[in-house]
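Take 34 as the starting number for the sequence shown in our numbering and just add one per residue. Even for Gly, the Cβ is constructed at its ideal location relative to N, Cα and C. Please read all numbers here as calculations on a predicted model, not as lab measurements. Structure first, then comments.
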Amino acid sequence: MIPLTLNQLANITAGTLFSVDNIDATTLVLSDVSTDSRRVGDNCLFIALKGERFDAHDFVSSVVDAGVAALLVERELAVDCPQVIVKDSRLAMGQLAAWVRQQSQAKVVGLTGSSGKTSVKEMTASILSERGKTLYTAGNLNNDIGVPLTLFRLTHEYDYAVIEMGANHPHEIAYTTNIVKPQTALVNNLFAAHLAGFGSPDGVARAKGEIYQGLPDEGTAIVNLDSCSTQWAFQPRQTVWYYSLTAQAKADFYPSNIQIKQLTTNFTLHTPVGHVAITLPLPGVHNIANVLAASALAISVGATLEDIRNGLATTQAVPGRLYPVQLSENKVVLDDTYNANDGSMIAAINVLAKMPGYRILVSGDMGELGDYAQECHQRVGAAAKDAGLDKVLSVGTLSEIISKSSECGEHFTFKRDLLTRLIPLIQQNDVVSILVKGSRSSAMEDVVNALKECF
Ligand code: ATP
Ligand code: UDP
Ligand code: MG
């Protein structure tokens, strides 16, 4: 972390400082942060957060024994360690992260959207790493805790930062954007994700659009012409770059000469600074859209076409996101079990449709869809039917709608029964492609793990 003194911490968070004998708050330096008592480093500030299961204030004596330098807490604690007391340690954590970001010279890009954030983040980081030292969100740490934790990793050495921001309710993106202060911002797309928290598709567009409202006067907005909202407005001095898979005439970034192989994709990428041939070691048309977004983010902060070509050549599938698992020579599972909504489910079905052999969709339930649950599951089933899949096996409750509307489906309540049907199907066919997908709550990785053990 970019270091600061205990005194600065108290000022930044407007907290009350309780120091201890022999400690000078103007010289005590903090250069690391932890929110987890099981992981504390040198010169470390421990921030005590209240979660669903634990109140980290209960672990303060153990972190003091472990040698933390100071505490950021919501009440004074009887321990021998300097403390800054604030009303809300979560908000104070955000204030500290905003300060750290302001000290950094790094060019910062921020992205949100319903699907593909982590994929675009990985691609953008891969491109920018060709040019300089790049910090990027680890895994999926994209909420009001994860975003500050990411920014705390900034040091003066970083040239770029790529920050993923997620939301399941309004104002969440406004909050994290205000901390991240990106100079370029992207809403990757709008699908029916987390509808239960946003109320309606318009609510999703409004909430994601908060990232554009947080742009500086001369910032750059990257907009997906294929999935955007007329509600969004931009300032006169802001640059707005549009990308599209199909609307070439209106887009600043678009593809041509698309060639989709089983697990790789080739195409020509067109940008405002020229065009370049891309070989992407990932399947799926939706990943071409993700490349358009990542390239626009990277070019906006100085990447060249060569950086894009080289950075994307080495980008890798993210585990759980269309991640190929080879069961045997001609039998492959696309492990897409990380999460699902109707948009990402249909995108994945379209990838499966182009795979060889007997094609099976193994689907769990899609959660958090509120009143739209029925409609979304129906849409997915219809997409499986249109794609001409050979078999749909569903497990759970809502997913029964998927297998019914696919017209080639069978439904199971328990995964072990589904596996009893799936395993012989895989054995009976010489060439098989299987897509396994469902919401996080469906834990469809159980199916992938069982198949790995079996083959
Ligand atoms: P989360 O909200 O959980 O952080 P995310 O937005 O980071 O998700 P990824 O983890 O990149 O998204 O991908 C999640 C799922 O969406 C995967 O199944 C992936 O294959 C699919 N996906 C990725 N990009 C797109 C896209 N542009 N359009 C539709 N689906 C996509
Ligand atoms: N925590 C901790 N030590 C522990 C368990 C939890 O410091 O042994 C912290 C944890 O890192 C988090 C806070 O206590 O900052 C709340 O934990 P909880 O698991 O309830 O959080 P959740 O992730 O569920 O919101
Ligand atoms: Mg993500």
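In the DSSP assignment, the beta strand (DSSP E) including residue i goes from what residue to what residue?
| i | result |
| --- | --- |
| residue 472 | Element bounds for residue 472: n/a, residue is neither H nor E. |
| residue 392 | 391-396 |
| residue 359 | 356-361 |
| residue 402 | Looking at the DSSP string, residue 402 is not in any beta strand (DSSP E), and its letter there is neither H nor E. |
| residue 116 | 116-118 |
| residue 256 | 253-257 |
| residue 142 | 140-145 |
| residue 151 | No beta strand (DSSP E) holds residue 151; the alpha helix (DSSP H) holding it covers 150-161. |
| residue 218 | 217-220 |
| residue 104 | 103-106 |
Which of the three DSSP states is assigned to residue i in this structure?
| i | result |
| --- | --- |
| residue 264 | coil |
| residue 178 | coil |
| residue 375 | helix |
| residue 487 | helix |
| residue 56 | coil |
| residue 166 | coil |
| residue 204 | coil |
| residue 448 | helix |
| residue 323 | helix |
| residue 337 | coil |
| residue 50 | strand |
| residue 329 | helix |
| residue 62 | strand |
| residue 111 | coil |
| residue 347 | coil |
Give the range of the alpha helix (DSSP H) segment to which residue i is assigned.
| i | result |
| --- | --- |
| residue 273 | First-last for residue 273: 272-276, but that is the beta strand (DSSP E), not the alpha helix (DSSP H). |
| residue 44 | 39-45 |
| residue 438 | 433-439 |
| residue 231 | 228-231 |
| residue 290 | Where residue 290 is concerned, there is no enclosing alpha helix (DSSP H), although the beta strand (DSSP E) it sits in stretches over 287-293. |
| residue 245 | 234-246 |
| residue 129 | 122-136 |
| residue 98 | 93-98 |
Any idea which residues DSSP pairs residue i with across the strands?
| i | result |
| --- | --- |
| residue 307 | 304 |
| residue 23 | Examination of residue 23 is not possible in this model, given that the chain is present from 34 through 488 alone. |
| residue 88 | 83 |
| residue 364 | 361, 465 |
| residue 67 | 79 |
| residue 25 | The structure shown has nothing for residue 25, since the chain only spans 34 to 488. |
| residue 383 | Residue 383 pairs with nothing; no bridge assigned. |
| residue 526 | Residue 526 lies beyond the residue range present for the chain, which begins at 34 and ends at 488; the question has no answer from this structure. |
| residue 194 | 141, 168 |
| residue 313 | 298 |
Are the C-beta atoms of residue i and some chain D residue less than 7 Å apart?
| i | result |
| --- | --- |
| residue 278 | Included in the structure is just one protein chain, with no chain D present. |
Residue i and residue j look like a contact to me (Cβ under 8 Å); what is the Cβ gap, rounded to whole Å?
| i | j | result |
| --- | --- | --- |
| residue 87 | residue 101 | That belief does not hold up - the Cβ atoms of residue 87 and residue 101 are roughly 17 Å apart, past 8 Å. |
| residue 96 | residue 73 | 5 Å |
| residue 243 | residue 207 | 4 Å |
| residue 77 | residue 67 | 5 Å |
| residue 148 | residue 224 | 6 Å |
| residue 416 | residue 382 | 5 Å |
| residue 262 | residue 238 | 4 Å |
| residue 376 | residue 222 | 7 Å |
| residue 448 | residue 425 | About 15 Å; that fails the 8 Å criterion. |
Three-pair Cβ contact test at 8 Å for the stretch 322-338 versus the stretch 159-169: With contact defined as three or more Cβ pairs closer than 8 Å, the stretch 322-338 and the stretch 159-169 are in contact.
Segment contact flag, the stretch 49-64 with the stretch 110-129, C-beta cutoff 8 Å, min 3 pairs: With a cut-off of 8 Å, the stretch 110-129 and the stretch 49-64 count as touching, because enough Cβ pairs lie within range.
Stretch pair the stretch 119-135 + the stretch 176-185: three plus CB contacts closer than 8 Å: The stretch 119-135 is in contact with the stretch 176-185.
Segment contact, 8 Å Cβ cut-off, at least three pairs: the stretch 433-440 with the stretch 250-264: Taking 8 Å as the limit for Cβ pairs, the verdict is that the stretch 250-264 does not touch the stretch 433-440.
Meets three-Cβ-pair contact criterion under 8 Å: the stretch 336-350 and the stretch 138-158: These segments touch.
Meets three-Cβ-pair contact criterion under 8 Å: the stretch 345-362 and the stretch 226-236: Because the criterion of three Cβ pairs below 8 Å is not met, the stretch 345-362 and the stretch 226-236 do not touch.
The stretch 461-475 / the stretch 378-398 touching (three or more Cβ pairs under 8 Å): Output reads yes: the stretch 378-398 touches the stretch 461-475.
Cβ contact check for the stretch 245-253 and the stretch 263-283: 3 or more pairs under 8 Å: Taking a cut-off of 8 Å on C-beta distances, the stretch 245-253 touches the stretch 263-283, as three or more cross pairs fall below it.
The stretch 454-470 / the stretch 357-366 touching (three or more Cβ pairs under 8 Å): Yes: the two stretches touch, three or more of their Cβ pairs being nearer than 8 Å.
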